[in-house]
Structure formats: structure tokens, C-alpha cells
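Engineer: The structure that follows is given in the form of C-alpha cells.
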Amino acid sequence: MKFHVMTLFPEMVEQGLHTSILGRAMDAGIICVDAVNIRDFSEDKHRHVDDYPYGGGAGMVMAPEPIFKCYESLTAGSTSADEPVPAGRPRVIYLTPWGRVFNQKMAKEFAKEEELIFLCGHYEGVDERVLEEIVTDYVSIGDYVLSGGELPSMVMIDAIARMVPGVLTNEESGETESFMNGLLEYPQYTRPEEWHGQKVPEVLLSGHHAKVAEWRMQRSIDRTVQYRPELMDGVELDKKSAKYYRDLLNSEKE
Ligand code: 6GU
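Using the numbering used here, the first residue of the sequence shown is number 1, and each one after it goes up by one.
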């Protein structure tokens with residue numbers, strides 16, 4: 001899968017993603033991150049990409065033409081005013097706090113694409129006309145304001161790439177799958193067996209796989225009920241876990 005990122009800070013995006021699991025996937029040729037500098041498409045000798053806002057006000061606005069030229073370089077030209085985003089063109093994601101809030105389900109959907117283009121804005125924003133012409137998806141990563149779209153695009157690329165077949169090892173995707181039932185992770189422990197006076201739960205030392213699995217499922221349910229009770233609505237539990245959950249809710253009422 002190929003990720004193009006249109007940005008004023010291409011090193012930030014490339015360096016930030018070329019580590020750990022994604023770095024491994026890039027080296028293996030399963031995914032590819034291509035960060036393109038919008039400034040390279042500026043048409044003035046000072047390489048400006050922004051200008052004053054019409055109507056006045058603070059800050060600067062990113063001009064439409066460098067962004068459009070950058071986009072055209074990625075889609076091999078042939079864009080016309082009548083058909084700015086023809087079928088078969090990659091989706092263009094604009095990162096903005098007013099977009100749809102990103103989640104795991106969207107990560108899975110985007111991972112079905114062969115190619116995605118991210119547009120990272122800066123300053124006070126981007127000229128509306130170029131957004132109307134090229135953007136297909138407006139996405140936010142949460143309700144807070146960041147300085148630019150680079151971190152959000154990196155967050156999205158990490159989450160999406162993990163859903164691309166071959167990026168995770170069998171073991172890694174097994175771990176992910178177990179949390180994809182919608183519950184939060186159970187607590188984990190490693191050596192030493194006792195640390196700062198606290199012991200590792202006995203069942204984890206028992207070697208009894210079924211008991212370990214049951215304990216972990218119950219701790220996942222406890223944790224989800226305690227920290228993110230709203231997530232329980234979308235969760236499907238097996239019979240035994242469902243009973244555990246019911247009993248937990250009933251004991252809370254008492
Ligand atoms: Cl996608 N962009 C910016 N600038 N700030 C954000 C965001 C995106 N999502 C949350 N805050």
C-alpha cells in the first residue's frame with residue numbers, strides 16, 4: 001500500500017514513520033510512505049506557499065496552486081475542472097479538527113485502498129477552493145487543536161498500515177485480534193515475580209491455559225467497564241463472559 005503525504009515538513013513524516021513495525025514493513029516493501037514537499041511546487045522565487053487572508057484577520061492561508069500542482073504530480077496530471085476527482089483516483093484525506101473523528105473501523109476501511117493521499121495543512125488553514133477540488137475525506141484525530149496535519153497523518157498511517165496484510169507478524173495480529181472484540185487490554189506482567197512488594201497474579205504462573213484465558217477475558221471486561229463503559233455496547237461476549245459481565249453489573253447495583 002502506498003501513502004503519499006503532501007506536507008511542508010516531509011522529513012518529520014518520513015523519519016517519524018520509519019521505525020518499529022512500520023519501518024520493518026517499509027523495508028520489506030509491503031508499504032511505502034512518500035512525503036512530498038508542497039514548497040517544491042511554489043511558483044515564486046522565495047518559495048512562498050502562503051498568503052494573507054482575503055477579508056483580513058490574523059495569520060496566513062496556504063495558497064491553492066502549490067497544493068494543486070503537488071496533487072497533480074502525484075496523480076500524473078490529466079485533472080480537468082469538469083472532473084476534478086475522477087473515479088479511480090486515490091482518496092485525498094485532509095486532516096482537520098472539523099473532520100470525521102478517526103477510529104479503528106475507519107482504519108480498516110482505509111486499509112482496503114491501494115493508495116491514499118494525505119494533505120497536511122498549516123498556518124490558519126488552506127484556501128477553500130483547492131479543498132473543494134481535490135479532497136474526498138475530511139478527518140480529525142480528536143477534539144483538540146494541533147499545529148498542523150503532520151502528526152494526525154502519521155497517527156492515521158500507523159493505524160491503517162497495521163491493518164494491511166503482511167505488516168503484522170502472526171503473533172502481533174493475533175494480539176490485535178483479541179482486542180478487536182472491542183474490549184480493552186488485560187493487565188500484563190513480566191519478571192520479577194515480586195516487585196515493590198507486589199506479586200504477579202497466581203493464575204498466570206499456573207501454566208493452565210484455559211484458566212489464564214478466562215482470567216484475561218474477565219480483567220478485560222473489568223477494565224472496559226471501569227474506564228470505557230460505553231464500549232461495552234458494541235462488544236459480543238461468549239456465554240461464560242456474558243454471565244461474568246451480567247454478574248458484574250448486578251454486583252455494581254448492590
Ligand atoms: Cl486532523 N488537524 C489539526 N490541525 N488538529 C487536529 C486534528 C487534525 N485532529 C485533531 N486536532
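Beta carbons are placed, not taken as given, at the ideal position from N, Cα and C, and that holds for glycine. These numbers were taken from a predicted model, which means no experiment stands behind them.
Identify which residue in Phe3, Glu236, Tyr94, Leu249 has its Cα closest to the Cα of Glu113.
Structural biologist: Taking the first residue of the sequence shown as 1, we reach residue 113 at position 113. The shortest Cα separation from Glu113 among Phe3, Glu236, Tyr94, Leu249 belongs to Phe3.
Engineer: Does the contact criterion of 3 or more C-beta pairs under 8 angstroms hold for the segment 29-36 versus the segment 8-18?
Structural biologist: At 8 angstroms Cβ cutoff, the stretches touch.
Engineer: Apart from the five residues just before and just after Gln218, which ones in its own chain have a Cβ nearer than 7 angstroms to its Cβ?
Structural biologist: For this step, residue 218 is matched to residue 218 along the sequence shown. Counting only Cβ-Cβ distances below 7 angstroms, and skipping sequence neighbours, we find Tyr244.
Engineer: Using the beta-carbon count (16 or more within 10 Å), is Glu43 buried or exposed?
Structural biologist: The residue you call residue 43 lines up with position 43 of the sequence shown. By the 10 Å Cβ count, Glu43 comes out exposed.
Engineer: Below 8 angstroms on the Cβ atoms is my contact criterion, and I expect Arg216 with Tyr186 to pass it. Report the Cβ-Cβ distance as a whole number of Å.
Structural biologist: Translated into positions along the sequence shown, residue 216 becomes position 216. Translated into positions along the sequence shown, residue 186 becomes position 186. About 4 angstroms separates the two Cβ atoms, so the contact holds.
Engineer: Let me know if His18 comes out buried or exposed under the rule of 16 or more other beta-carbons within 10 Å of its beta-carbon.
Structural biologist: What you label residue 18 is simply residue 18 of the sequence shown in a count that begins at 1. The residue is exposed, with fewer than 16 neighbouring Cβ atoms inside 10 Å.
Engineer: DSSP three-state call for Asp143: helix, strand or coil?
Structural biologist: To locate residue 143, count along the sequence shown from 1; it is residue 143. Three-state DSSP puts Asp143 in coil, outside helix and strand.
Engineer: Between which two residues does the alpha helix (DSSP H) carrying Pro64 extend?
Structural biologist: Sequence index remark: in the sequence shown, residue 64 carries index 64 (1-based). Per DSSP, Pro64 belongs to the alpha helix (DSSP H) from 64-74.
Engineer: If we count the other Cβ atoms within 10 Å of its Cβ and call it buried at 16 or more, is Leu205 buried or exposed?
Structural biologist: On the sequence shown, position 205 is the one that residue 205 refers to. With fewer than 16 other Cβ atoms within 10 Å, it is exposed.
Engineer: Figure out for me which residue from Arg162, Ser251, Glu202 has the closest Cα to the Cα of Asp222.
Structural biologist: Position 222 of the sequence shown, counting from 1, holds the residue named residue 222. Minimum Cα distance to Asp222 is reached at Ser251.
Engineer: Starting from Asn37, follow the beta strand (DSSP E) in both directions and report where the run begins and ends.
Structural biologist: Looking up residue 37 in the sequence shown gives position 37. Counting along the chain, the beta strand (DSSP E) containing Asn37 begins and ends at 32-37.
Engineer: Does the separation of the CB atoms of Pro66 and Arg39 fall below 9 angstroms?
Structural biologist: For this step, residue 66 is matched to residue 66 along the sequence shown. For this step, residue 39 is matched to residue 39 along the sequence shown. For Pro66 and Arg39, yes; Cβs fall inside 9 angstroms.
Engineer: Use the C-beta contact count for Leu231: other C-beta atoms within 10 angstroms, 16 or more gives buried, fewer gives exposed.
Structural biologist: Position 231 of the sequence shown, counted from the start, is the residue given in the question as residue 231. Result: exposed.
Engineer: Among the candidates Gly55, Phe41, Ala28, Ser241, whose CA atom is the shortest distance from the CA of Leu74?
Structural biologist: Numbered from its first residue, the sequence shown carries residue 74 at position 74. Leu74 has its Cα closest to that of Phe41, out of Gly55, Phe41, Ala28, Ser241.
Engineer: With C-beta atoms as the reference, is Val145 less than 9 angstroms away from Pro97?
Structural biologist: Locating residue 145 in the sequence shown gives position 145, where the first residue counts as 1. Locating residue 97 in the sequence shown gives position 97, where the first residue counts as 1. Cβ atoms of Val145 and Pro97: closer than 9 angstroms.
Engineer: Applying the 10 Å Cβ sphere with the 16-neighbour rule, what's the burial state of Thr224?
Structural biologist: Taking the sequence shown and counting its residues from 1, one reaches residue 224 at position 224. Thr224 should be labelled buried.
Engineer: Leaving out five residues before and five after Leu184 in sequence, what residues of the same chain have Cβ atoms less than 7 angstroms from its Cβ?
Structural biologist: Reading the sequence shown from its first residue, position 184 is the one you call residue 184. Taken in chain order, the residues that qualify are Ser220, Arg223, Thr224, Tyr227, Arg228.
Engineer: Report yes if the CB atom of Asn181 is closer than 9 angstroms to the CB atom of Glu236, and no otherwise.
Structural biologist: Here residue 181 is taken as the residue at index 181 of the sequence shown, counted from 1. Here residue 236 is taken as the residue at index 236 of the sequence shown, counted from 1. Their beta carbons are under 9 angstroms apart, which means Asn181 touches Glu236 by this criterion.
Engineer: According to DSSP, simplified to helix, strand and coil, what is Gly77?
Structural biologist: Position 77 of the sequence shown holds residue 77. Bear in mind that a pLDDT of 48 at Gly77, under 50, signals an unreliable position, so the model cannot answer this.
Engineer: So for Leu168, helix, strand or coil by DSSP?
Structural biologist: If you number the sequence shown from 1, residue 168 lands on position 168. Looking at Leu168 - three-state DSSP - the assignment turns out to be coil, as it is neither helix nor strand.
Engineer: Is Asp143 near the ligand 6GU, with its Cβ less than 8 angstroms from a heavy atom?
Structural biologist: Your numbering for residue 143 matches position 143 in the sequence shown. Result yes, Cβ under 8 angstroms from the ligand 6GU.
Engineer: Look up Arg91 in the DSSP assignment and give the residues it is bridged to.
Structural biologist: The sequence position of residue 91 within the sequence shown is 91, counting from 1. Looking at the DSSP assignment, Arg91 forms a beta bridge with Leu116.
Engineer: Which one of Leu119, Ile134, Val167 has the shortest CA to CA distance from Asn37?
Structural biologist: Translated into positions along the sequence shown, residue 37 becomes position 37. Nearest of Leu119, Ile134, Val167 to Asn37, Cα basis: Leu119.
Engineer: Quick one: what's His4 bridged to in DSSP?
Structural biologist: Taking the sequence shown and counting its residues from 1, the one referred to as residue 4 is at position 4. Answer is Asp34, Ile117, bridged to His4.
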